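Shown next, in structure tokens, is the structure this report addresses.
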Amino acid sequence: MKFAYSRADLPSEDLASGRVLFSRPGLTAFPVRLASELFLRAASHLLREGRPPPYHLYDPTCGGGYLATVLGFLHGDQMRNISMSDISAEAVSNAVKNADLLTPEGLSRRLSELSNLVAQYDRQSHRAALRGGNKLFALCRHLPTNVFQADVADANLVASKLAALPSVDLVIADVPYGKQEHWRTGSHEPALLTSLASINVAVVVLATAKGIKFDHPGYERAGKYRHGHRTLWLFRKSTLTAGAAKS
Ligand SMILES: C[S@@+](CC[C@H](N)C(=O)[O-])C[C@H]1O[C@@H](n2cnc3c(N)ncnc32)[C@H](O)[C@@H]1O
């Protein structure tokens, strides 16, 4: 996969997991530059299909909220809302804290916390985090966020949690795979796409393990890329299904 942006353009260090953004043992992160690239590709698809920003982004396997929060900082100027959900209550509580950083109030709270740590321990890592946090203010855009606990295969629950918000335009999700994270309750990619089709998500980007194969009648594949140990899938809502839903 070729990147549109160079590493130097992105404040990757300031967005490192566990620095300003919260993390806990067992929660995973996502490469910042790859996240940005996936958003840009999805946004250019939406634009080509006549849907200009701002967008409502949803991550239905958000873990600690790292990926969606990073995207909120980097591309919040093209967003109107961010929603995140996960089946794990522990992951959701971390995601709530990360989502809060996308508001100036939440980021200020984090900076006071970091200032206290600097005063108490005078560690280089805390000082670097404090400097990074101050830089992130420039990327803070009062984005409304909505974080909830849900099994993504429970289409009714997901729909009800999102019902009061503008419709979701795009999903970007790092789905469970590999040693650290597994699908719980037997959910898998087609079940996720069934849920997303039921709420009419136009563009879906999934990062999965390499080597898995799946498709879904509600979505057409618009791109498939390899990146290290991941396969990246870009789907757009199938016009056949969209037409059928309207009639
Ligand atoms: C690879 S992690 C996601 C990491 C996340 N993108 C981040 O940046 O922190 C996959 C997540 O999927 C969640 N998960 C597993 N089964 C699920 C299900 N049925 N519904 C929703 N989330 C699920 C796990 O709890 C885990 O947090």
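Just so we're aligned, residue -4 is where the sequence shown starts under our numbering, counting upward by one. We put the CB at the ideal spot given by N, CA and C, even for glycine. Everything numeric in this text was worked out from a predicted model, so none of it was measured.
Review point. If you count every other CB in all the chains shown that lies within 10 Å of the CB of residue 86, and 16 or more means buried, which is it?
Key: In the sequence shown, residue 86 corresponds to position 91, counting from 1. Burial call: buried.
Check your understanding: If you draw a straight line from the alpha carbon of residue 240 to that of residue 213, how long is it in whole angstroms?
Key -> Along the sequence shown, one-based indexing puts residue 240 at 245. Along the sequence shown, one-based indexing puts residue 213 at 218. In this prediction, residue 240 has a pLDDT of 41, which is less than 50 and means its spatial position is unreliable; nothing more can be read from the coordinates.
**Study point:** Residue from 112, 65 and 116 whose Cα sits closest to the Cα of residue 97
**Key:** As a working mapping, residue 97 is identified with position 102 in the sequence shown. Per the Cα distances, 65.
Exercise for review: Pull up the distance between the alpha-carbon of residue 75 and that of residue 128, whole angstroms please.
Suggested key: Translated into positions along the sequence shown, residue 75 becomes position 80. Translated into positions along the sequence shown, residue 128 becomes position 133. Straight-line Cα distance between these residues: approximately 22 Å.
Review point. For the alpha helix (DSSP H) that residue 120 lies in, which residues bound it at each end?
Key: What you label residue 120 is simply residue 125 of the sequence shown in a count that begins at 1. Start and end: 119 to 131.
Point to revise | Inter-residue spacing [alpha-carbon to alpha-carbon] between residue 258 and residue 114 | key: The structure shown does not extend to residue 258, since the chain is modelled only from -4 through 242, so no value can be given for it.
Review point. Of the residues 194, 172 and 223, which one's Cα is nearest the Cα of residue 184?
Key: Position 189 of the sequence shown holds residue 184. Checked all of 194, 172 and 223; the closest Cα to residue 184 is 172.
Review point. Can you round the beta-carbon distance between residue 41 and residue 197 to whole angstroms, since I take them to be within the 8 Å contact cut?
Key: Sequence index remark: in the sequence shown, residue 41 carries index 46 (1-based). Sequence index remark: in the sequence shown, residue 197 carries index 202 (1-based). Correct: roughly 6 Å between the Cβ atoms.
Check your understanding: Just to check, is the beta-carbon of residue 83 closer than 6 Å to a non-hydrogen atom of ligand 1?
Key -> By 1-based counting over the sequence shown, the position of residue 83 is 88. True, at least one ligand heavy atom lies under 6 Å from that Cβ.
Exercise for review: Consider the C-beta atom of residue 171 and the heavy atoms of ligand 1; say whether any pair is separated by less than 6 Å.
Suggested key: One-based indexing of the sequence shown puts residue 171 at position 176. Yes, the beta carbon of residue 171 sits closer than 6 Å to at least one heavy atom of ligand 1.
Exercise for review: May I ask you to report which of helix, strand or coil DSSP gives residue 179?
Suggested key: In the sequence shown, counting from the first residue as 1, residue 179 sits at position 184. Note: residue 179 maps to coil in three-state DSSP.
Review point. Relative to the alpha-carbon of residue 205, which residue among 226, 163 and 219 has its alpha-carbon at the smallest distance?
Key: What you label residue 205 is simply residue 210 of the sequence shown in a count that begins at 1. Here the closest residue by C-alpha is 226.
Review point. Which residue from 152, 102 and 25 puts its Cα closest to that of residue 223?
Key: For the purposes of this step, residue 223 is taken as residue 228 along the sequence shown, with counting starting at 1. Ranking the options by Cα distance to residue 223, first place goes to 25.
Exercise for review: Give the DSSP bridge partners of residue 100, in chain order.
Suggested key: Within the sequence shown, the letter at position 105 stands for residue 100. Answer is none; residue 100 lacks a bridge partner.
Exercise for review: Quick one: give me the first and last residue of the beta strand (DSSP E) that residue 153 is part of.
Suggested key: Stepping through the sequence shown from its first residue, residue 153 is reached at position 158. For residue 153, there is no enclosing beta strand (DSSP E); the enclosing alpha helix (DSSP H) has its first and last residue at 150 to 157.
Review point. Which term fits residue 93, buried or exposed, when burial requires 16 or more other beta carbons within 10 angstroms of its beta carbon?
Key: Translated into the one-based positions of the sequence shown, residue 93 becomes position 98. Its Cβ being crowded by 16 or more others within 10 Å, residue 93 is buried.
Practice item. On the DSSP bridge assignment, give the partners of residue 231 in chain order. Key: As a working note, residue 231 is residue 236 in the sequence shown. Residue 231 pairs with 198 and 215.
Point to revise | heavy atom of ligand 1 below 6 Å from residue 62 C-beta | key: For the purposes of this step, residue 62 is identified with residue 67 of the sequence shown, where counting begins at 1. At least one heavy atom of ligand 1 is nearer than 6 Å to the Cβ of residue 62, so yes.
Exercise for review: Could you spell out where the beta strand (DSSP E) holding residue 224 opens and where it closes?
Suggested key: The sequence position of residue 224 within the sequence shown is 229, counting from 1. That residue, residue 224, is in no beta strand (DSSP E); it is neither H nor E in DSSP.
**Study point:** Inter-residue CB distance, residue 138 and residue 71 (contact presumed, cutoff 8 Å)
**Key:** Numbered from 1 along the sequence shown, position 143 holds the residue referred to as residue 138. Numbered from 1 along the sequence shown, position 76 holds the residue referred to as residue 71. Taking 8 Å as the upper bound for CB-CB distance, residue 138 and residue 71 are in contact here, some 5 Å apart.
Review point. Any heavy atom of ligand 1 within a distance shorter than 6 Å of the CB on residue 260?
Key: As displayed, the chain neither begins before -4 nor continues past 242, which places residue 260 out of reach and without an answer.
Exercise for review: Pull up the distance between the alpha-carbon of residue 157 and that of residue 73, whole angstroms please.
Suggested key: Position 162 of the sequence shown, counted from the first residue, corresponds to residue 157. Position 78 of the sequence shown, counted from the first residue, corresponds to residue 73. Cα to Cα, residue 157 sits roughly 19 Å from residue 73.
Review point. Taking the runs of the beta strand (DSSP E) that are 3 residues or longer, which of them lie wholly in the segment 67 to 91?
Key: If we require 3 residues or more, the beta strand (DSSP E) runs fully inside the segment 67 to 91 come out as 74 to 81.
Exercise for review: Check residue 254 in the structure and name its three-state DSSP category.
Suggested key: In the structure as shown, the chain begins at -4 and stops at 242. Residue 254 is therefore absent and cannot be evaluated.
Check your understanding: Taking just the CA atoms, how far does residue 169 sit from residue 90?
Key -> Start at 1 with the first residue of the sequence shown, and residue 90 comes out as number 95. Start at 1 with the first residue of the sequence shown, and residue 169 comes out as number 174. Each residue's alpha carbon lies about 14 Å from the other.
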